[in-house]
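Notes follow once the structure below has been shown.
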Amino acid sequence: QLQDRLAATFATLQGRPRVTEADLEEALRDVRVALLEADVSFKVVKQLVATVRERAIGQQVVQSVSGAQQVVKIVHDALVEMLGSEASPLERATTAPTVIVMVGLQGSGKTTTSAKIANVLRKQGRKPVLVTVDVHRPAAMDQLEALGKQLGLPVRRADPKSVPLDGGDTVIVDTAGRLHIDEAMMAEVESIVAATHPTEVLLVVDAMAGQDAVDAASAFKARLPITGLVLAKVDSDARGGASLSIRAATGIPVKLMGTGEKLDAIEVFHPDRLAQRILG
Amino acid sequence: KPEEEPVTDEWLDRLEEALLRADLSVSLVDPVMLQVRDVVREGRAKTVPKVLDAVRDALVAVIPPAAEAPAGTPRVILVVGVNGSGKTTFAAKLAKRLRDGGEKPLLAAADTFRAAAIEQLESWAQRLQLPVVSGRPGGDPAAVVFDAIQAARSRGNSVVIADTAGRLHTKGYLMDELEKIVRVAGRAREGAPDEVLLVLDGTQGQNAILQAREFTKAAKVTGLVVTKLDGTAKGGAVFAIANDLGLPVRWLGVGEKAEDLVPMDARAYVTAMLP
Ligand SMILES: Nc1nc2c(ncn2[C@@H]2O[C@H](COP(=O)(O)OP(=O)(O)OP(=O)(O)O)[C@@H](O)[C@H]2O)c(=O)[nH]1
Ligand SMILES: Nc1nc2c(ncn2[C@@H]2O[C@H](COP(=O)(O)OP(=O)(O)OP(=O)(O)O)[C@@H](O)[C@H]2O)c(=O)[nH]1
Ligand SMILES: [Mg+2]
Ligand SMILES: [Mg+2]
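Residue numbers (the working numbering), protein chains in the order written: chain A, -18 to 261; chain B, -11 to 263.
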């Protein structure tokens, strides 16, 4: 817990009323360790530590337990700022259908999240259609079909070369997991996006992702019009630093969070909550 | 000449960055960098290749060698891990590898929870022409493992590879279920399971360490598998796990095809992490 670590650091400082710049460096080492352990990317940690240093010096942090709290607050505010201080909702197309394409690395949670989003939209009175174009993974189409059956929603199987967009006011397209360095697969998803003119292209990222998440997200963003991030498996209690790094490096806003395996386990993103988790 | 490239402060920063970006824990990187800086400052190592060798040796030493544990017949391997890490694919790959090596593996589709999980393993089994025992969706996963071990006995299979449902280490009831699967395997055959392989997604960060701890408590994990190393992630989280729990890394998943499985090679693994 950053709060406790800082309190211990501040407790060892010599009894001055104000913390010196040298003392502050001790505290900043704690901040660096906490952020790296939270999977925040190396570059973003550097940026954040520099920002916190600047603001802590500006604020003249006091020596003592309240000084530790002061530094935590400075870090917390810097995190919230970086995450984007408001929730970002899913867009609707001006002319139907709204098309949402789900993309991401293997196993991140795309198929499950596709069904969860369909569930949310249906509860809002909309008519979602689920389409799977995952012709790669064994039984991938069976998986989405089974989820659609659970929800009583239609699921269509299609080839990535011809994605049907009829049957409802919102089409959610589940694509195969892929590596950002797999040229053929990246070309495939580019053509899916080109053919479907999506309103949203959501990058689904595993909350447990480490330092590589930023590189993968940047590569996806460079080739696709990514409009939002879904952070899945937030119930793993992983600190989720990858989401912050992705936001900082690519500007992609976190829109949704997957919080469990059940189809109602999805929440709108809250920057404050995520900042709390990253802080530990 | 490359073997004489001198170590600079800037290169040391690049080394630290490479290690952290490989998902090596800061609790391991900081002491390694401290030692490296001492060694360089005292003139005991002046060139890049010398420092890289020292770092590589230090990290390779952290990974315990895999010991071949004695096993009963049929041998029983349980595949466990968090959601989406690559268990089902690994189970199929391992079965193919063992069959190609002359064994008679039997797959057990003990993920009775997730949508189309049984279909997924059955599809692999069919593709690879391997036998599989399945339960029905919603059934007791421990019963599937029990049945598979009995079936292996009567059919003469030398090894059972049981795929289980993805589960988060934060869910107590799922870790309890896993504990029960292990107990029931032991009832089907004394001493089973012989191996409990924790499948870790190579793209994961520090959370992998918490996973390893909880899974080891619940299921006495005997070894690790790191998947998705054909991407750009380096799987550095295993070092803290090896350090804390002494778990060896047995296999590496390097792609989505049945043949994309290689045995762990610690020197190659570490070299891939270095600048
Ligand atoms: N606990 C938890 N599990 C989740 C969440 N989202 C997805 N999962 C699980 O994670 C695993 C992978 O989910 P999928 O939806 O199959 O992932 P995917 O991205 O479609 O995988 P590929 O198509 O193979 O790339 C499954 O076991 C899901 O049940 C979540 O928010 N919480
Ligand atoms: N690139 C790559 N993808 C892999 C590798 N291993 C598995 N995958 C992919 O990762 C995704 C998830 O694999 P699964 O085998 O379904 O994972 P799982 O752990 O059984 O998932 P759950 O049962 O839902 O928890 C699939 O798309 C696999 O093709 C690997 O070594 N490299
Ligand atoms: Mg999928
Ligand atoms: Mg599986």
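Beta carbons are placed, not taken as given, at the ideal position from N, Cα and C, and that holds for glycine. In this text the structure is predicted, and so the values were computed from the model without any measurement.
Check whether residue i and residue j have beta carbons under 7 angstroms apart
i, j, result
"B:Trp112", "A:Pro119", "yes"
"A:Asp315", "A:Ser89", "Because residue 315 of chain A is not part of the residues shown, which for chain A are -18 to 261, the question remains open."
"A:Gly239", "A:Thr94", "yes"
"B:Arg279", "B:Asp248", "Chain B is shown from -11 up to 263; residue 279 of chain B falls before or after that span and cannot be answered."
"B:Met163", "B:Ala225", "no"
"B:Gln194", "A:Glu18", "yes"
"B:Thr35", "B:Glu(-8)", "yes"
"A:Leu260", "A:Val235", "no"
"B:Leu186", "B:Leu212", "yes"
"A:Leu160", "B:Gly219", "yes"
"A:Val25", "A:Val12", "no"
"B:Gly123", "B:Thr100", "yes"
"A:Val52", "A:Ala37", "yes"
"B:Val237", "B:Met261", "no"
"A:Ser226", "A:Val21", "yes"
"A:Ser217", "B:Thr158", "yes"
"B:Thr76", "B:Gln108", "yes"
"B:Arg2", "A:Gln192", "no"
"A:Pro284", "A:Val112", "Any question about residue 284 of chain A goes unanswered here, given that chain A covers just -18 to 261."
"A:Val154", "A:Val82", "yes"
"B:Leu94", "B:Val43", "no"
Chain B residues whose Cβ lies nearer than 7 angstroms to that of residue i
i, result
"A:Asp123", "Ala104, Glu107"
"A:Gly88", "Gly72, Ser73, Gly74, Asp189"
"A:Met83", "Those do not exist, as A:Met83 stays about 14 angstroms from chain B at its closest Cβ, beyond 7 angstroms."
Beta-bridge pairing of residue i - partner residues as DSSP gives them
i, result
"A:Ala213", "A:Asp187"
"A:Met83", "A:Asp155, A:Leu183"
"B:Ala96", "B:Val121, B:Ala150"
"B:Ile65", "B:Ile149, B:Glu183"
"B:Thr215", "B:Asp189"
"A:Thr76", "For A:Thr76, which the question treats as bridged, DSSP gives no partner whatsoever."
"B:Ile169", "In the DSSP output, where bridge partners are listed per residue, B:Ile169 has none listed."
"A:Thr93", "Answer by DSSP bridge pairing: none, since A:Thr93 is not bridged."
"A:Thr113", "A:Arg138, A:Asp155"
"A:Val235", "A:Leu210"
"A:Glu248", "A:Met238"
"B:Val237", "B:Leu212"
"B:Val250", "B:Leu240"
"B:Pro(-10)", "Per DSSP, none; premise fails for B:Pro(-10)."
Within chain A, partners of residue i - CB distance below 8 angstroms
i, result
"B:Lys168", "Those do not exist, as B:Lys168 stays about 19 angstroms from chain A at its closest Cβ, beyond 8 angstroms."
"B:Leu8", "Leu17, Phe23, Gln192"
"B:Ala286", "Past the edges of chain B, shown from -11 to 263, lies residue 286 of chain B, and the structure says nothing about it."
"B:Ala225", "Gly191"
Check: residue i C-beta below 6 angstroms from any heavy atom of ligand 5
i, result
"B:Asp99", "As far as ligands go, the structure on display features ligand 1, ligand 2, ligand 3 and ligand 4 and does not contain ligand 5."
Amino acids of chain A, ordered along the chain, whose beta-carbon sits closer than 9 angstroms to that of residue i
i, result
"B:Ser146", "Residues of chain A passing the Cβ test: none, with the nearest at roughly 25 angstroms."
"B:Asp218", "Leu160, Ile162, Asp163"
"B:Asp11", "Asp20, Gly191, Gln192, Asp193"
"B:Ala97", "Ordered by position in chain A, no residue passes the 9 angstroms Cβ test against B:Ala97, which lies about 11 angstroms from the chain."
Interface partners of residue i on chain A, CB under 7 angstroms
i, result
"B:Asn195", "Met189, Ser217, Ala219"
"B:Lys34", "The contacting residues do not exist; B:Lys34 stays about 26 angstroms from chain A at best."
"B:Val14", "Val14, Leu17, Glu18"
"B:Pro111", "The question names Pro, but residue 111 of chain B is Ser in the sequence shown. Ordered by position in chain A, the residues that pass the 7 angstroms Cβ test against B:Ser111 are Pro119, Ala120."
"B:Glu278", "No statement about residue 278 of chain B is possible, as the shown extent of chain B runs from -11 to 263 and does not include it."
Within chain B, the residues that residue i reaches when beta carbons sit closer than 8 angstroms
i, result
"A:Lys54", "Chain B residues near A:Lys54: none, gap ~23 angstroms exceeds 8 angstroms."
"A:Lys214", "Val70, Asn71, Gly72, Leu156"
"A:Ala223", "Gly193"
Cross-chain neighbours of residue i in chain B, by beta carbon under 9 angstroms
i, result
"A:Ala128", "As written in the sequence, residue 128 of chain A is Leu, which differs from the Ala given in the question. Those are Ala103, Ala104, listed as they occur along chain B."
"A:Ala197", "Thr191, Gly219, Thr220, Ala221"
Cutoff 7 angstroms: residue i Cβ touching any chain D Cβ
i, result
"A:Leu134", "Protein chains A and B are contained in the structure displayed, whereas chain D is not."
Whose beta carbon lies closer than 7 angstroms to any heavy atom of ligand 3, going through the chain in order? A:Lys91, A:Thr92, A:Asp115, A:Arg118, A:Ala121, A:Gln124, A:Asp155, A:Ala157, A:Gly158
Starting from the N-terminal side, write out each stretch of the beta strand (DSSP E) that is 3 residues or longer and does not extend beyond the segment 135 to 170 of chain A. 136 to 138, 151 to 155
Hey, which unbroken runs of the beta strand (DSSP E) at 3 residues or more fall wholly within the segment 4 to 68 of chain B? Listed in chain order, the complete beta strand (DSSP E) runs (minimum 3 residues) inside the segment 4 to 68 of chain B are 63 to 68.
Going residue by residue through the segment 25 to 66 of chain A, where are the continuous beta strand (DSSP E) segments of at least 3 residues, counting only ones entirely within it? none
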